[in-house]
Amino acid sequence: MSTIKSSTTLTTAYQVEADTSGALVIQTGATPTTAVTVSSAQVVTLANALPVASGGTGLTTATGVLVGAGSSVSAVAAGTNGNLLTSNGTTWTSAAAPSGMVYPGSGIANSTGSAWGTSYSTTGTGTVVALATSPNFTSPVLGTPTSGNLANCTFPTLNQNTTGSAATVTGNATGSTFGFNSGYGSVATAYGCRAWVNFNGTGTVAIRASGNVTSITDNNTGDYTVNLTTAMPDINYSVALSGSANYGTDRRPYPALFSEISTSNEVTPTTSAFRVGFSTANGGGARDEKYICVSVFR
Amino acid sequence: MNSRIIYPTDDGGVAVIVPAPECGLTIEEIAAKDVPAGKPFKIVDVADIPSDRTFRSAWEYTA
Chain A
1 MSTIKSSTTL
11 TTAYQVEADT
21 SGALVIQTGA
31 TPTTAVTVSS
41 AQVVTLANAL
51 PVASGGTGLT
61 TATGVLVGAG
71 SSVSAVAAGT
81 NGNLLTSNGT
91 TWTSAAAPSG
101 MVYPGSGIAN
111 STGSAWGTSY
121 STTGTGTVVA
131 LATSPNFTSP
141 VLGTPTSGNL
151 ANCTFPTLNQ
161 NTTGSAATVT
171 GNATGSTFGF
181 NSGYGSVATA
191 YGCRAWVNFN
201 GTGTVAIRAS
211 GNVTSITDNN
221 TGDYTVNLTT
231 AMPDINYSVA
241 LSGSANYGTD
251 RRPYPALFSE
261 ISTSNEVTPT
271 TSAFRVGFST
281 ANGGGARDEK
291 YICVSVFR
Chain B
1 MNSRIIYPTD
11 DGGVAVIVPA
21 PECGLTIEEI
31 AAKDVPAGKP
41 FKIVDVADIP
51 SDRTFRSAWE
61 YTA
């Protein structure tokens, strides 16, 4: 075997010679230094790492992932929780991966479309509580909550619903009552006027206005029946009755409830109708009234 | 509503049903609801009912 030697004193640039082990050694430089060794087992050893420009990495050791950066290559060691390899369009960088899942604030995530908004927390089964102090609800559908309080709320007007029916206000589950304070001094059950009518009982008898009344029946002089649209649940309702006064002291109205005024016979009310009558205060007989107002409470 | 419903009373007089304008029922529906069961009735124009009620108890129903 022979050795290729490179020496400025030689006419040839390199020399190749064999060493005693049978390896091929290539030496370069004015003072010949081994650049490449090819062992007898065909293992090639370079004196310097093969650079990127020559198809190598320029590294003598490499543990992890190799990341190129132009003319150099770096090795990214494996992180204990993994690595996050990202690029900025030019180079790659490696950073330790987060130790776990990244969550938004606790509760129900609220995405604004471009960022995480304030989350909503939940307490109890199926209950959603807004974290904001004064949440602004737009046209909310509150469903049928079974408990809780709406405190310090500004309510919109309770309008009729789209089908024309009156808005329904229902009471609580235990008492089915509706109460309010409104200057009374405390919150107390409100008892509603279930029907009312204002009519002229003189001349051409006519109803001026009414609620929950289909008609009145002109039975005779000063004798009328009020017919209800929606019947009362029983006949234990209370009727407030008033008539107009005219023509002096003997013409003050003397209202009679549940009575046939001409005979003074009691007429038992029903759930859908009741009779009212008027006469003069001094027993002068039945008479018509110009203004008759009737209200039913239950 | 310019209609009235009349029907005879048990004492030989006549009762006049005055419809409530806001009740939402037709005159026929009011008649079906407010005329006592078994009573004959007629739907008449309000102009057919006397406005002079001096002798109201003397009014009579004619079929």
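Residue numbers (my numbering), protein chains in the order written: chain A, 1 to 298; chain B, 1 to 63. Idealized CB from N, CA, C, for every residue including glycine.
Query: Is Arg194 of chain A helix, strand or coil by DSSP?; Result: strand
Query: Under 8 Å, with one C-beta from each stretch per pair, do the region 103 to 110 of chain A and the region 79 to 93 of chain A reach the 3-pair mark?; Result: no
Query: Less than 7 Å between the beta carbons of Ala49 of chain A and Ala35 of chain A, yes or no?; Result: no
Query: According to DSSP, is Ile26 of chain A part of a helix, a strand, or is it coil?; Result: strand
Query: Taking 8 Å as the cut-off, does the region 205 to 216 of chain A touch the region 225 to 240 of chain A (at least 3 CB pairs, one atom from each stretch)?; Result: yes
Query: Would you kindly work out how many angstroms separate the C-alpha atoms of Asn198 of chain A and Asp288 of chain A, rounded to a whole number?; Result: 14 Å
Query: Determine the DSSP secondary structure at Glu266 of chain A, reduced to helix, strand or coil.; Result: strand
Query: At the 7 Å Cβ level, is Gly243 of chain A part of the contact set with chain B, yes or no?; Result: no
Query: What's the call for Val44 of chain A, buried or exposed, on a 16-neighbour Cβ count within 10 Å?; Result: exposed
Query: Chain A beta carbons: is any one of them nearer than 7 Å to that of Val18 of chain B?; Result: yes
Query: If you measure beta-carbon to beta-carbon, which residues of the region 42 to 56 of chain B are closer than 7 Å to chain A?; Result: Val46, Ile49, Ser51, Arg53, Arg56
Query: Excluding the five sequence neighbours on either side, which residues of its own chain have a C-beta within less than 6 Å of the C-beta of Ala301 of chain A, listed in chain order?; Result: A question about residue 301 of chain A goes unanswered here, because the residues of chain A that appear run from 1 up to 298.
Query: Under 8 Å, CB to CB, which of the residues in the region 185 to 209 of chain A have a partner in chain B?; Result: Val197, Phe199, Thr202, Gly203, Thr204, Val205, Ala206, Ile207, Ala209
Query: In chain B, which residues lie less than 8 Å from Ile235 of chain A when you measure between Cβ atoms?; Result: Within 8 Å Cβ-Cβ: nothing; Ile235 of chain A doesn't reach chain B, min ~17 Å.
Query: In chain B, which residues lie less than 8 Å from Ile216 of chain A when you measure between Cβ atoms?; Result: Ile17, Val18, Ala20
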